[in-house]
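Accompanying notes for the structure given below.
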Amino acid sequence: MKFKLNFHEKINQKDCWQSLIDHKERSYSLDFVNNTEKELPLIYGYEVKDFENHGVKIGYTTCKPSDKIQSAIEERILSQEKEFRFLDENIEKIEEVKVIFWAIAINEKDESFKDYSLHSFIKEKNLLKESQAGGEWFIVDENKDKFEYLSQIFRQFRAPSLFKK
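By the working numbering, the letter at position 90 of the sequence shown is numbered 938, and the numbering carries on one by one without gaps.
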């Protein structure tokens, strides 16, 4: 299976948050090269061109030391043929996959998390409808700006203290 993988022009170029532990702001850009000794956990979201009705796939990967964040996301998505199983015989018709969201998967308490924790949060709070494609695929209401809404959901999950009433 061959398809083009692109990052949408409206994708967030940076991811920033403040730790409650040391009160320092963390900031990473999409073209950041991991200069740490540890893998950076990442969350990403993408959609398949001409199959947008199947929703946005929210997934997880890591960025190894000395790799670029963008490259880590690309590598993970390009290895996910099984994720397109919902297309059945149409799998060869995939021409393009667009990444529309990414973030570092570390919360305000400096704890890393995986995509399934975010999926559970989305389902528990009824923030997105689960796609018929399966548990990692979600439908964003067409009346919402999907880029802003996905970012908002992620910020709510990562830093719940900012959203307490």
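Glycine included, each C-beta is placed from N, C-alpha and C at the ideal position.
Between the stretch 894-904 and the stretch 951-964, are three or more C-beta pairs nearer than 8 angstroms? no
Simplified DSSP assignment, three categories, for PHE1011: helix
Local conformation of ASN883 per DSSP, three classes: coil
Unbroken beta strand (DSSP E) run spanning LEU890, endpoints: 888-896
Buried/exposed call for ASN991, threshold 16 Cβ in 10 Å: exposed
Could you check if ILE869 is buried or exposed, using at least 16 other CB atoms within 10 Å of its CB as the buried criterion? exposed
Assuming contact is defined by CB atoms lying nearer than 9 angstroms, are ILE948 and GLY907 in contact in what I supplied? no
Is it buried or exposed, LEU888, if we count other Cβ atoms within 10 angstroms and call 16 or more buried? buried
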